[in-house]
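Each residue of the sequence shown is one higher than the one before, counting from 1 in the working numbering. Heads up, the thing below is written out as structure tokens.
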Amino acid sequence: MGQKIRDLNKKLNIINEEANSFGLKSQLGGSGTKATLLPDISRTVMVNRETDSVVFPNIVGREHDKFKIVQKISSETSNVIYVLPITGMGGLGKTTLAQSIFNDQQIERHFDLKIWVCVSEDFEVTRIFRLILESLTRRKVDVASRDVIVQEIRKEIEGKRYLLVLDDLWNEIPLLWTDFYRSLTGISTTRGNWCLVTTRQLQVATVVATYPPYSLGKLSDDDCWTIIKDKMIGSGEVPEELQVQEKEITKWCQGLPLAAIVIGGMLRMTRKEEWLSIVKNGLLKSTGDDYSVMQILKLSFDHLPSVSIKKCFAYCSMFCKDFKIERRKLIQLWMAEGFLQSNLENEVMEEIGDKYFRVLVDSSLLHEEISSDKRTFGRMHDLVHDLAQSISRCESIVLNSSGEITPKIFEVISSSLRSLFPRSPISEDLVPKLKNLRVLDLSSANTVELPTSIGKLIHLRYLEFPYTQIKTLPESLCKLYNLQTLKFNCISPMDLPEQMSKLISLRHLCYYNNDRKVQMPLGMGRLTCLQTLDFFNVGEEKGRQIEELGCLRDLKGLLRIRNLELVEGKEAAERAKLFEKQKLSSLSLEWGGRWEVDGADINVLDGLQPHPNLQVFEVENFMSNRFPLWLMNLSTSLDKLVCLRLINCRRCTELPALGQLPFLQSLAMIGLEKATVIGHSFYGLCNPSGSRSSRSSSQLSRKVFPHLKCLYLYNMNNLVEWMEAEATEGEVLDVFPMLETLKIQNCCKLNRAPNYFPCLRQLVIENYRDGLYYQLKTPNKSHALVLKDILSKATTLSTLSIGGQAGLTCVSDVLAVHNSQNLKYLSLESCPHLLHLGDLHKLLSLEHLSVVRCPNLKTIDLIVPNDQQHLKSLRSLTIGQCNGLRSLPSEILELNTSLRELRLYECHNLVWFPVDLQQMPSLSVLWLSNCPKLTTMPQGFGGLTSLRELCIGPFSDTSMENYGYDWGGLALSPCQINFKI
Numbered sequence: 001m002g003q004k005i006r007d008l009n010k011k012l013n014i015i016n017e018e019a020n021s022f023g024l025k026s027q028l029g030g031s032g033t034k035a036t037l038l039p040d041i042s043r044t045v046m047v048n049r050e051t052d053s054v055v056f057p058n059i060v061g062r063e064h065d066k067f068k069i070v071q072k073i074s075s076e077t078s079n080v081i082y083v084l085p086i087t088g089m090g091g092l093g094k095t096t097l098a099q100s101i102f103n104d105q106q107i108e109r110h111f112d113l114k115i116w117v118c119v120s121e122d123f124e125v126t127r128i129f130r131l132i133l134e135s136l137t138r139r140k141v142d143v144a145s146r147d148v149i150v151q152e153i154r155k156e157i158e159g160k161r162y163l164l165v166l167d168d169l170w171n172e173i174p175l176l177w178t179d180f181y182r183s184l185t186g187i188s189t190t191r192g193n194w195c196l197v198t199t200r201q202l203q204v205a206t207v208v209a210t211y212p213p214y215s216l217g218k219l220s221d222d223d224c225w226t227i228i229k230d231k232m233i234g235s236g237e238v239p240e241e242l243q244v245q246e247k248e249i250t251k252w253c254q255g256l257p258l259a260a261i262v263i264g265g266m267l268r269m270t271r272k273e274e275w276l277s278i279v280k281n282g283l284l285k286s287t288g289d290d291y292s293v294m295q296i297l298k299l300s301f302d303h304l305p306s307v308s309i310k311k312c313f314a315y316c317s318m319f320c321k322d323f324k325i326e327r328r329k330l331i332q333l334w335m336a337e338g339f340l341q342s343n344l345e346n347e348v349m350e351e352i353g354d355k356y357f358r359v360l361v362d363s364s365l366l367h368e369e370i371s372s373d374k375r376t377f378g379r380m381h382d383l384v385h386d387l388a389q390s391i392s393r394c395e396s397i398v399l400n401s402s403g404e405i406t407p408k409i410f411e412v413i414s415s416s417l418r419s420l421f422p423r424s425p426i427s428e429d430l431v432p433k434l435k436n437l438r439v440l441d442l443s444s445a446n447t448v449e450l451p452t453s454i455g456k457l458i459h460l461r462y463l464e465f466p467y468t469q470i471k472t473l474p475e476s477l478c479k480l481y482n483l484q485t486l487k488f489n490c491i492s493p494m495d496l497p498e499q500m501s502k503l504i505s506l507r508h509l510c511y512y513n514n515d516r517k518v519q520m521p522l523g524m525g526r527l528t529c530l531q532t533l534d535f536f537n538v539g540e541e542k543g544r545q546i547e548e549l550g551c552l553r554d555l556k557g558l559l560r561i562r563n564l565e566l567v568e569g570k571e572a573a574e575r576a577k578l579f580e581k582q583k584l585s586s587l588s589l590e591w592g593g594r595w596e597v598d599g600a601d602i603n604v605l606d607g608l609q610p611h612p613n614l615q616v617f618e619v620e621n622f623m624s625n626r627f628p629l630w631l632m633n634l635s636t637s638l639d640k641l642v643c644l645r646l647i648n649c650r651r652c653t654e655l656p657a658l659g660q661l662p663f664l665q666s667l668a669m670i671g672l673e674k675a676t677v678i679g680h681s682f683y684g685l686c687n688p689s690g691s692r693s694s695r696s697s698s699q700l701s702r703k704v705f706p707h708l709k710c711l712y713l714y715n716m717n718n719l720v721e722w723m724e725a726e727a728t729e730g731e732v733l734d735v736f737p738m739l740e741t742l743k744i745q746n747c748c749k750l751n752r753a754p755n756y757f758p759c760l761r762q763l764v765i766e767n768y769r770d771g772l773y774y775q776l777k778t779p780n781k782s783h784a785l786v787l788k789d790i791l792s793k794a795t796t797l798s799t800l801s802i803g804g805q806a807g808l809t810c811v812s813d814v815l816a817v818h819n820s821q822n823l824k825y826l827s828l829e830s831c832p833h834l835l836h837l838g839d840l841h842k843l844l845s846l847e848h849l850s851v852v853r854c855p856n857l858k859t860i861d862l863i864v865p866n867d868q869q870h871l872k873s874l875r876s877l878t879i880g881q882c883n884g885l886r887s888l889p890s891e892i893l894e895l896n897t898s899l900r901e902l903r904l905y906e907c908h909n910l911v912w913f914p915v916d917l918q919q920m921p922s923l924s925v926l927w928l929s930n931c932p933k934l935t936t937m938p939q940g941f942g943g944l945t946s947l948r949e950l951c952i953g954p955f956s957d958t959s960m961e962n963y964g965y966d967w968g969g970l971a972l973s974p975c976q977i978n979f980k981i
């Protein structure tokens, strides 16, 4: 026995030495049976932290700190870049403060670009620049060359002022920082850039600072109590028994916001008797600093209601610090590990996972973030992550290098390995050794081919390989009978394996393909556990027809059904049993693109009526001349709709009754070419027989489209009239009470529209044809009348875009200036008969004005003599391709000292522009290009100390002679100059 032990130790030493050669770090804790192999960088297991979409409306106790930092970084502009560290111990809220500054409106106005990078403990210079580029471009960067990455960053930030946040910096090696900083300062010559660094370590702050570090202090007890109350009860009343213990409880916080948040969450989650015991027995001792916080976190963990939830929390220790992971993915991983078991007969594992996620969020052990596309993510504070690692019984190996994993290492760990997140592809011969693997995530493995031996992972429950170059999936994949979640997204279109119907445990098939020609596997209806199916392409062959959907009773989320022209009649459509799928939230029904009338479409659509729980509904390329009855009366059939899109239903002449949908927020009607009238029935005030519903006679007030916020009318080429809703005697109608955005494009025959939208913020009226502005040979006054109708009472309007309006001769003819004092953005484009701008000088709130391709505009008459009113808020003025314009009065610009951006281009007959630029000290962008006849040039370039972007030329010979003496002033301006001589 002794000899066996010595042999085993010798073997382990060899493996350990080999592991060290690959940068592998061993983390052993307890005697658990699970092992995890994962990379120590955020790109592999989770997305990087992004906070530009996270808004913190109230950061308790940090208002003064925020004000001081915002003032600092908004005022200093003489250097190319400043580095300001925000320092303090863990749990003080450094990241939260940086997030609040990042999203501040003053910062938004001051900086052209904002970049957020979560650095954490891995400070590798090329990686940091790659993350900066990804933040700028909003796309993944796979380039390995640092020089290429830096050059791409240079293109993105050229001539722009930026704010860079490096969150959670730990590197204290001066050489690494100097290498990064020198490259950063060399990328741009624009002055006034700032870099905020958050760090716990004062030594790090000393290394990086070019501006005195800002040390974050602790919160007062009152501020901590405010946080605790908000987390525990929101706006409710604090129980008296707890109120009397306020001082004792706030002492536990030690002035740390994180501690206050966790205590509030714990008190919220525990029963009254439990938290009274915690308070009275003094289970928390105030020992100060990180140890005190860890005590609080540990107590919160101990009070989690079940062992299963504690396992879910401990599982998060696998991920790197600062991880951010989508809630659905985290729940699917928990499910694959077997943590989501229920004693209730009908409780679904995903619903259990949702409950567990919510418990961890309410306990403040997970932080919840919601992205702009409404996805939910979970994130852990560093100290909470430390707790998860300290209590986790998992054994893990963290891969720090990109080297391949050798068979010797796998000999020891393969039999107990349950979750694997590799950075390099897995070889064919290593796969069979992973006998107990539950989770395989190849997100960062750059996989080009899935091993055929994948079918031997008989316990595998989760498989992911997104954004790969895989062209085919091996048929052996279909032997994974326990597989619950399959996620992939390949670059080229790819058919699914033919035998995929054997994956009888599959619950989530996360794969979307735009190609309607991709064939579905035979017999998809056998996957009766399936909940997620992004698309289904109907086929002609038995086993690929729409009836396969009938057995998939648990489908939820989004489903797009294509090739509906292959469905033969209502009876066949009904076999999909869409009406029984109550968990579907979004449904798209799409026919193939055809031009001929197809009377069968109405029967098919009639048989595809969804369950009333549906929230998003889309119908595309439907070619019958009318919709079925259930769609014409959606207020009774789909009364929970939030979004409706009718696209290219070219033959339909009558629109559905939609005005009584109580939750509808977005409505798009696109390509309804045969519709000529939006009539009274559109508002849904009559019952199907055409008479007024009985309840309307007894109520005096009635809302129509009560929650609609966005309305789009596109490519309705024959639409002539949009009628207003009609009230009966004694009835008051409140129509479009919440509509904020109205876009009407390519409705070139429309001559009448409603005139009352009480909350309208954005109005776009443009006419195009085949991608170009549609212009009539002679002015069409009907277009101007529609504009005038809508604008006559649009007192809340802030954005107005007018394009392709041949009947518009003067803006004041359609825009009631006295009603438009909230207007901030005005765009006029391709209005061939526009002659005057009218009284626009009275729009005192206007910030952006753009006039482009208006060839008959002779003058920019924005200033009235002896009138003190002018565009005092104007920040951006663009005038382009207005060939009738010969002069630009200097008063227009010299009186607008707030102007920051002036773009004047391709005005081929412009001769006179005698402005004194020194009267515009805030100007940061100036274009004066392709105006070949210009002879009188602006003066005073040297006084433009804020100028960052200059595009000038070509000029006539005369203008160059007159202007030559002032070129020296440009050298004084710290800007990016683009000469066109």
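Just so it is clear, CB atoms sit at the ideal spot from N, CA and C, and this is done for glycine as well.
Our two residues, V143 and I426, have alpha carbons roughly 22 Å apart in a direct line.
With fewer than 16 other Cβ atoms from the protein chains shown falling within 10 Å of its own Cβ, P174 counts as exposed. In terms of Cβ geometry, L902 and L910 do not form a close pair [threshold 8 Å]. Segment contact: the stretch 87-97 against the stretch 144-162, fewer than three CB-CB distances shorter than 8 Å; contact not assigned. In summary, G593 is exposed, with fewer than 16 beta-carbon neighbours lying within 10 Å of its beta-carbon over all protein chains present. Cα atoms of S812 and L800: separation of roughly 13 Å, rounded to the nearest angstrom. In its chain, beyond the 5 residues on either side, P451, S453, I454, K456, L457 have a beta carbon closer than 7 Å to the beta carbon of V431. Nearest Cα to K709 within the set C759, T77, L888: C759.
Contact annotation: V851 and S890 have beta-carbon atoms that are not nearer than 8 Å. A straight line joining the alpha-carbon of R544 with that of H459 spans about 29 Å. Of the candidates E724, C643, Y82, C652, E724 places its Cα closest to the Cα of S681.
Under DSSP, Q582 takes part in no beta bridge, so it has no partner.
Inside the stretch 422-479, DSSP marks whole beta strand (DSSP E) runs of 3 or more residues at positions 439-441, 462-468, from first to last along the chain.
Between the alpha carbons of M524 and I504 lies a gap of roughly 10 Å. Counting C-beta pairs with one atom in each stretch, the stretch 335-354 and the stretch 362-377 have fewer than three that are closer than 8 Å, which means they do not touch. In this structure, the straight-line span from the alpha carbon of R268 to that of L440 is close to 36 Å. When secondary structure is reduced to three states using DSSP, E618 falls in the strand class.
In this structure, L835 lies near L857, with their beta-carbon atoms less than 8 Å apart. Per DSSP, reduced to three states, the secondary structure at L631 is helical. Under the three-pair Cβ rule at 8 Å, the stretch 520-537 counts as touching the stretch 490-504. Between the alpha carbons of L584 and C652 lies a distance of about 26 Å. For the pair I602 and I647, the Cα-to-Cα distance works out to about 15 Å. The alpha-carbon of R161 is positioned some 28 Å away from that of G88.
The alpha-carbon of A573 is positioned some 6 Å away from that of V604. Under the DSSP assignment, H385 falls in the alpha helix (DSSP H) whose first and last residues are 382-391. Contact annotation: the stretch 165-174 does not touch the stretch 58-77, with fewer than three C-beta pairs closer than 8 Å.
Using a Cβ distance threshold of 8 Å, C510 and L483 do not count as a contacting pair. A direct Cα-to-Cα measurement between V732 and P706 gives close to 14 Å. DSSP places P257 in no beta strand (DSSP E) but in the uninterrupted alpha helix (DSSP H) bounded by 257-269. Assignment of I325 by DSSP, reduced to helix, strand and coil, places it in the strand class. If you compare the alpha carbons of G569, I249, K674 with that of S277, the shortest gap goes to I249. Bridge partners of E368 according to DSSP: G378. The beta carbon of V817 is closer than 6 Å to those of D839, K842 in its chain, skipping five residues each way along the sequence. Here the alpha carbons of Y481 and H508 stand approximately 14 Å from one another.
Apart from the 5 residues on each side of it in sequence, D65 sits with its Cβ closer than 7 Å to the Cβ of L97, L216 in its chain, given in chain order. For C118, the enclosing beta strand (DSSP E) starts and ends at 113-120.
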